[in-house]
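In UniProt numbering, the protein residues as written are 1 to 315. Each remark here refers to the structure printed beneath this line.
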Amino acid sequence: MTDLSLLATVLAKGLSQQAAINAPPRNALIALDQKAKRSDRDQVLGDVSQPKRLLKPNVQPDSRQDATEFSQPMLAQPSSCSQLYWQRFAAIRSGRLYTRLPIDSFREIWVRATNEPSYKQWRTLLALEAKAATRGQGNRRLSIMVGDSLSLWFPSNRLPTGQLWLNQAISGENTSGILQRLPAFDAARPQAIYVMAGVNDLKQGATDNEILWNLRLIVRRLKQAHPKAQVIVQSILPTKTTMVPGNRIGWLNQRLAAIAKQDGAIFLDLYSQFTDADGNLRHELTTDGLHLNANGYAAWQAELAQADNWIAQGG
Numbered sequence: 001m002t003d004l005s006l007l008a009t010v011l012a013k014g015l016s017q018q019a020a021i022n023a024p025p026r027n028a029l030i031a032l033d034q035k036a037k038r039s040d041r042d043q044v045l046g047d048v049s050q051p052k053r054l055l056k057p058n059v060q061p062d063s064r065q066d067a068t069e070f071s072q073p074m075l076a077q078p079s080s081c082s083q084l085y086w087q088r089f090a091a092i093r094s095g096r097l098y099t100r101l102p103i104d105s106f107r108e109i110w111v112r113a114t115n116e117p118s119y120k121q122w123r124t125l126l127a128l129e130a131k132a133a134t135r136g137q138g139n140r141r142l143s144i145m146v147g148d149s150l151s152l153w154f155p156s157n158r159l160p161t162g163q164l165w166l167n168q169a170i171s172g173e174n175t176s177g178i179l180q181r182l183p184a185f186d187a188a189r190p191q192a193i194y195v196m197a198g199v200n201d202l203k204q205g206a207t208d209n210e211i212l213w214n215l216r217l218i219v220r221r222l223k224q225a226h227p228k229a230q231v232i233v234q235s236i237l238p239t240k241t242t243m244v245p246g247n248r249i250g251w252l253n254q255r256l257a258a259i260a261k262q263d264g265a266i267f268l269d270l271y272s273q274f275t276d277a278d279g280n281l282r283h284e285l286t287t288d289g290l291h292l293n294a295n296g297y298a299a300w301q302a303e304l305a306q307a308d309n310w311i312a313q314g315g
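And the structure:
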């Protein structure tokens, strides 16, 4: 079936609006319209120059099933990229977004999936989902997640309710790849766009300046394409691996917060909530030192809910 014929089925009808959450705001959410007490320091931290070399898009997907762990029993929901892809493909083919369906939907299709989808297939699927969300949004709020495997595996049943959610994340992707994919949802009318990226760049040997430059371009591109949306830059999460020093991620997040402020975005500090006394990812939140387990996503969900409520109230 061609992409065009698939699009013909993408009519997101019957999307019921759910009750909005009422969580109190948290200090982790930094509104950039507030007066800065350390503007000079922020100016220095946010000073990023264009790197001499530009990072090339690079995708190194995580295909191991032990990288994902959920609170649901095994086989109650997809646990590999292949299974997740085919669940979402089946949903969009039926004219629905997977984020609006039960987590075990289309189990008879995805449970047998073994072939890993290509990067091109993922990009095509995400573009189809973006068009579906755009066409079916109506007067509903729309929020978008942009990033890598951490965002990709955010459980749809943990997303804040009362709105549509569009997940535009691909496992293993770096900031250059994400930057190239942003036009896929240009036609959407989101109220909020949540960005988390950078850990794959670190794994691939990128410099701090290269990472921050790309993240700045991502923020600016999103602000330009979606001037009415709140762009929320989420901190790079710590790891519990030897490949990336914890103090480096902490320093990157300080600079990322300054960049977000300078470019009119919001910085959501998850790093301090996920870090142990040694600057590493807390062991009770991770499966392998990099990816999150059910506890990790529950912690992220709590922070996301606070941010979402703040935005819903016109923050």
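Glycine included, each C-beta is placed from N, C-alpha and C at the ideal position. These figures come from a predicted structure and were not determined experimentally.
TODO: With DSSP collapsed to three states, give me the class of E173.
DONE: strand
TODO: Write down every uninterrupted run of the alpha helix (DSSP H) in the segment 195–256 whose length is 4 residues or greater and which is fully enclosed by it, in chain order.
DONE: 199–203, 208–225
Open item on the list: Please report the straight-line C-alpha distance between I266 and Q234, rounded to a whole angstrom.
Closed with: 8 Å
Task: Best match in P227, R189, L252, T239 for proximity to E210 [C-alpha to C-alpha] - done: L252
Task: Cβ pair H291, S82 closer than 8 Å - done: no
Task: Buried/exposed call for N200, threshold 16 Cβ in 10 Å - done: buried
Task: Touch test, the segment 87–100 against the segment 118–133, Cβ-Cβ under 8 Å, three pairs minimum - done: yes
- [ ] Report the rounded CA-to-CA distance for L256 versus L222, giving the unit in angstroms.
- [x] 16 Å
- [ ] Evaluate Q50 with the Cβ neighbour count: other Cβ atoms within 10 Å of its Cβ, from every protein chain shown; 16 or more gives buried, anything less gives exposed.
- [x] exposed
- [ ] Assign I178 to one of three DSSP states: helix, strand, or coil.
- [x] helix
Task: Exposed unless 16 or more other CB atoms sit within 10 angstroms - verdict on T134 - done: buried
Open item on the list: So for G147, helix, strand or coil by DSSP?
Closed with: strand
TODO: Measure the Cβ-Cβ separation of P155 and Y271 and say whether it is below 8 Å.
DONE: no
TODO: With a cut-off of 8 Å on the beta carbons, I'd call W165 and V48 a contact; round off their distance for me.
DONE: Not a contact, Cβ separation roughly 30 Å.
Open item on the list: Just to confirm, is the Cβ distance from Q191 to A229 under 8 Å?
Closed with: yes
Open item on the list: When you compare the CB positions of Y194 and S143, do they come within less than 8 Å of one another, or not?
Closed with: yes
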